[in-house]
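J.:
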Amino acid sequence: MTKMVNTRAGEQGRAKGPIDKAMDVLEALVEPGGPHRLGDLAARTGLTKPTVHRHLQTMAEVGFAQAVDGGRYQAGPRLLGLAAAALHDDRGLRLARPVLAELHRRTGRLASYAVRHGDDAVHLEHSEAPPEFRMEVPSGSRTPLYLSGLGLAMLSALPPRECADVLDAAPPHTWAAHPLGGPDGVRAALREAAERGYAVDDGYGEPDVRALAAPVLDRSGRVVGALGVSGLTFTLDDESMLLFGPMVRAAARAVSAGLGGPAPALGVAGRGAERSAGPDGGRA
Numbered sequence: 001m002t003k004m005v006n007t008r009a010g011e012q013g014r015a016k017g018p019i020d021k022a023m024d025v026l027e028a029l030v031e032p033g034g035p036h037r038l039g040d041l042a043a044r045t046g047l048t049k050p051t052v053h054r055h056l057q058t059m060a061e062v063g064f065a066q067a068v069d070g071g072r073y074q075a076g077p078r079l080l081g082l083a084a085a086a087l088h089d090d091r092g093l094r095l096a097r098p099v100l101a102e103l104h105r106r107t108g109r110l111a112s113y114a115v116r117h118g119d120d121a122v123h124l125e126h127s128e129a130p131p132e133f134r135m136e137v138p139s140g141s142r143t144p145l146y147l148s149g150l151g152l153a154m155l156s157a158l159p160p161r162e163c164a165d166v167l168d169a170a171p172p173h174t175w176a177a178h179p180l181g182g183p184d185g186v187r188a189a190l191r192e193a194a195e196r197g198y199a200v201d202d203g204y205g206e207p208d209v210r211a212l213a214a215p216v217l218d219r220s221g222r223v224v225g226a227l228g229v230s231g232l233t234f235t236l237d238d239e240s241m242l243l244f245g246p247m248v249r250a251a252a253r254a255v256s257a258g259l260g261g262p263a264p265a266l267g268v269a270g271r272g273a274e275r276s277a278g279p280d281g282g283r284a
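According to full-length UniProt numbering, the sequence shown is numbered sequentially starting from 1.
1. Quick check on Gly203: does DSSP put it in helix, strand or coil?
2. Which runs of the alpha helix (DSSP H) at least 4 residues long sit entirely within the segment 104-178? Give them in chain order.
3. Using 10 angstroms around the beta-carbon of Pro144, count the other beta-carbons present and answer buried if the total reaches 16, otherwise exposed.
4. What is the DSSP secondary structure of Pro77, reduced to helix, strand or coil?
5. Does Asp202 have its Cβ less than 8 Å from a Cβ in chain D?
6. Evaluate Ser141 with the Cβ neighbour count: other Cβ atoms within 10 Å of its Cβ, from every protein chain shown; 16 or more gives buried, anything less gives exposed.
7. Can you name the residues that DSSP bridges to Leu212?
8. Return the chain-ordered list of same chain residues with a C-beta closer than 8 Å to the C-beta of Trp175, the five sequence neighbours on each side being excluded.
9. When the distance is taken between beta carbons, is Gly92 closer than 8 Å to Val216?
10. Report the option in Pro138, His123, Asp168, Ala111 whose CA atom is closest to the CA atom of Leu100.
11. Decide if Val52 is buried, meaning its Cβ has at least 16 other Cβ atoms within 10 Å, or exposed.
12. From Glu31 to Thr45, what distance separates their C-alpha atoms?
13. So, under 8 Å CB-CB, Val229 and Phe244 are touching, yes? Tell me the CB distance rounded to an integer number of Å.
14. Starting from Leu217, follow its DSSP beta bridges and name the residues at the other end.
15. Counting pairs of beta carbons, one from the segment 222-237 and one from the segment 197-213, are three or more of them closer than 8 Å?
16. Write down the C-beta distance between Val223 and Arg116 rounded to the nearest angstrom, noting that I regard them as a contact closer than 8 Å.
17. Which value, in whole angstroms, describes the spacing of the CA atoms of Leu155 and Asp69?
18. Please look up how many angstroms separate the CB atoms of Gln74 and Gly34, rounded, as I've assumed it's under 8 Å.
19. Look at the Cβ atom of Gly221, then the Cβ atom of Gly258, and state whether they are nearer than 8 Å.
20. Starting from Val52, trace the beta strand (DSSP E) in both directions and tell me its first and last residue.
21. Classify Gly149 as buried or exposed, calling it buried when 16 or more other Cβ atoms lie within 10 Å of its own Cβ.
22. Is it right to say His173 is buried, meaning 16 or more other beta carbons lie within 10 angstroms of its own, or is it exposed?
23. Which partner residues of Ala257 appear in the DSSP bridge assignment?
24. With distances taken Cα to Cα, identify the nearest neighbour of His123 among Ala129, Pro131, Pro130, Tyr113.
25. What is the DSSP secondary structure of Ala15, reduced to helix, strand or coil?
26. Could you tell me if Phe234 is buried or exposed, where buried requires 16 or more neighbouring beta carbons within 10 angstroms of its beta carbon?
27. Flag this pair as yes or no: are the beta carbons of Pro130 and Arg109 separated by less than 8 Å?
28. On the DSSP bridge list, what partners appear for Ala251?
29. Rounded to the nearest angstrom, what separates Phe64 and Glu162 at their Cα positions?
30. Given Asp79, which residues of its chain have a CB within under 6 Å of its CB, disregarding the five upstream and five downstream residues?
31. Does DSSP put Val68 in a helix, a strand or coil?
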């Protein structure tokens with residue numbers, strides 16, 4: 001199951017100020033499974049209960065948090081309003097929604113869209129899930145880029161140094177359990193993804209789940225997100241993957257074009273191959 005993680009760039013190695021702590025509390029407040037108890041919020045943020053309570057009181061005064069029965073807290077109406085407004089104004093998400101609906105209609109699989117934040121993929125939108133596939137990644141949750149098809153798709157289109165930085169920053173214990181065996185295995189998968197224009201996740205983040213995903217680029221060629229389809233392994237066999245992969249690639253190109261960006265090119269095609277060069281000198 002995908003877990004919520006706290007991996008914002010720049011958090012490690014420096015003391016946290018009041019704003020950092022408030023942001024940690026706010027992030028924990030909107031994690032799935034709310035309303036949340038004070039003790040749970042303190043455990044997730046690593047802050048003391050008095051510190052968390054003080055921030056919650058301030059947030060409640062301005063409508064960002066709301067106390068409910070049993071000493072629990074949830075997102076307040078002002079925060080919900082800001083989130084709704086931000087999502088409404090996100091051009092990439094507006095473009096992705098009808099594309100996800102069409103992917104779901106054509107494939108019968110769960111279609112998803114995520115954006116990048118630091119070393120994580122932030123999941124923003126999902127189509128209706130098929131009956132046999134219970135949704136394990138709620139909107140707003142985050143997964144490391146190297147542990148999901150959506151994340152691998154984004155990594156495959158990053159500049160070499162940026163991709164290397166993400167892989168180098170992964171905790172060493174991460175690779176012990178990674179199905180690809182380590183950074184070298186991930187780099188090989190990224191080279192393949194760049195060549196065919198979409199990434200394959202064969203149970204890397206969640207056992208018995210397969211996914212196909214392709215990167216979305218903006219006008220400057222910067223990776224802004226990825227979209228793809230996923231399902232239980234037996235519903236995404238090799239034949240289905242060969243059929244759905246080009247659909248996913250075309251869908252990502254359509255969203256990229258809507259953002260004024262170049263279509264994510266196959267890694268073997270000149271400019272795309274050069275831009276997607278991996279951290280080891282090969283394409284990533």
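All C-beta atoms, glycine included, are put in the ideal place defined by N, C-alpha and C. Quick caveat: nothing in here was measured; it's all calculated off a predicted structure.
T.: The short version:
1. Indexing the sequence shown from 1 puts residue 203 at position 203. Gly203 falls in the coil class under three-state DSSP.
2. Uninterrupted alpha helix (DSSP H) stretches at least 4 residues long and entirely within the segment 104-178 occur at 149-156, 160-168, 172-176, given in chain order.
3. Reading the sequence shown from its first residue, position 144 is the one you call residue 144. Residue environment for Pro144: buried (at least 16 other C-beta atoms within 10 angstroms of its C-beta).
4. One-based indexing of the sequence shown puts residue 77 at position 77. In the structure shown, Pro77 falls within a helical segment according to DSSP collapsed to helix, strand and coil.
5. Judged by its chain identifiers, the structure shown contains no chain D, having just a single protein chain.
6. Counted from its first residue, the sequence shown places residue 141 at position 141. If you draw a 10 Å sphere on the C-beta of Ser141, you find 16 or more other C-beta atoms in it, and that means buried.
7. Working through the sequence shown from its first residue, we reach residue 212 at position 212. As a beta-bridge residue in DSSP terms, Leu212 pairs with Val200, Val229.
8. Walking along the sequence shown from the start, residue 175 turns up at place 175. Only Gly181, Gly182, Pro183 meet the Cβ criterion.
9. Position 216 of the sequence shown, counting from 1, holds the residue named residue 216. Position 92 of the sequence shown, counting from 1, holds the residue named residue 92. Closer than 8 Å, so yes.
10. Along the sequence shown, read from residue 1 onward, the residue named residue 100 stands at position 100. Closest option to Leu100, Cα to Cα, is Ala111.
11. Against the sequence shown, residue 52 aligns to sequence position 52. For Val52, the number of other beta carbons within 10 angstroms of its own is at least 16, and it is reported as buried.
12. The sequence position of residue 31 within the sequence shown is 31, counting from 1. The sequence position of residue 45 within the sequence shown is 45, counting from 1. Looking at the two C-alpha atoms, the distance is approximately 12 Å.
13. Stepping through the sequence shown from its first residue, residue 229 is reached at position 229. Stepping through the sequence shown from its first residue, residue 244 is reached at position 244. The pair is a contact, with the Cβ atoms about 6 Å apart (cut-off 8 Å).
14. Here residue 217 refers to the residue found at position 217 of the sequence shown. BP columns for Leu217 point to Val223.
15. A contact exists between the segment 222-237 and the segment 197-213.
16. In the sequence shown, residue 223 corresponds to position 223, counting from 1. In the sequence shown, residue 116 corresponds to position 116, counting from 1. That pair is a contact at about 6 Å.
17. Walking along the sequence shown from the start, residue 155 turns up at place 155. Walking along the sequence shown from the start, residue 69 turns up at place 69. A direct Cα-Cα distance of roughly 43 Å separates Leu155 from Asp69.
18. Position 74 of the sequence shown holds residue 74. Position 34 of the sequence shown holds residue 34. The pair is a contact, with the Cβ atoms about 5 Å apart (cut-off 8 Å).
19. By 1-based counting over the sequence shown, the position of residue 221 is 221. By 1-based counting over the sequence shown, the position of residue 258 is 258. For the pair Gly221 and Gly258, the CB atoms are not nearer than the 8 Å cut-off.
20. On the sequence shown, position 52 is the one that residue 52 refers to. That residue, Val52, is in no beta strand (DSSP E); its alpha helix (DSSP H) goes 49-61.
21. On the sequence shown, position 149 is the one that residue 149 refers to. Buried, since its Cβ has 16 or more Cβ neighbours within 10 Å.
22. Stepping through the sequence shown from its first residue, residue 173 is reached at position 173. Note on His173: under 16 other CB atoms within 10 angstroms of its CB, so exposed under the neighbour-count rule.
23. Walking along the sequence shown from the start, residue 257 turns up at place 257. BP columns for Ala257 are empty, so no partner.
24. Along the sequence shown, read from residue 1 onward, the residue named residue 123 stands at position 123. Considering only alpha carbons, the answer is Tyr113.
25. Here residue 15 refers to the residue found at position 15 when the sequence shown is read from its first residue. In the three-state scheme derived from DSSP, where H, G and I count as helix and E and B as strand, Ala15 is classed as coil.
26. Walking along the sequence shown from the start, residue 234 turns up at place 234. By the 10 Å Cβ count, Phe234 comes out exposed.
27. Indexing the sequence shown from 1 puts residue 130 at position 130. Indexing the sequence shown from 1 puts residue 109 at position 109. Taking 8 Å as the Cβ cut-off, Pro130 and Arg109 qualify as a contacting pair.
28. Translated into positions along the sequence shown, residue 251 becomes position 251. Looking at the DSSP output, Ala251 bridges to nothing.
29. The residue you call residue 64 lines up with position 64 of the sequence shown. The residue you call residue 162 lines up with position 162 of the sequence shown. Just so you know, the alpha carbons of Phe64 and Glu162 end up roughly 34 Å apart.
30. Looking up residue 79 in the sequence shown gives position 79. One point to set straight first is that residue 79 is Leu, not Asp, in the sequence displayed. These residues qualify, in order along the chain: Phe64.
31. Looking up residue 68 in the sequence shown gives position 68. Here Val68 sits in strand by DSSP.
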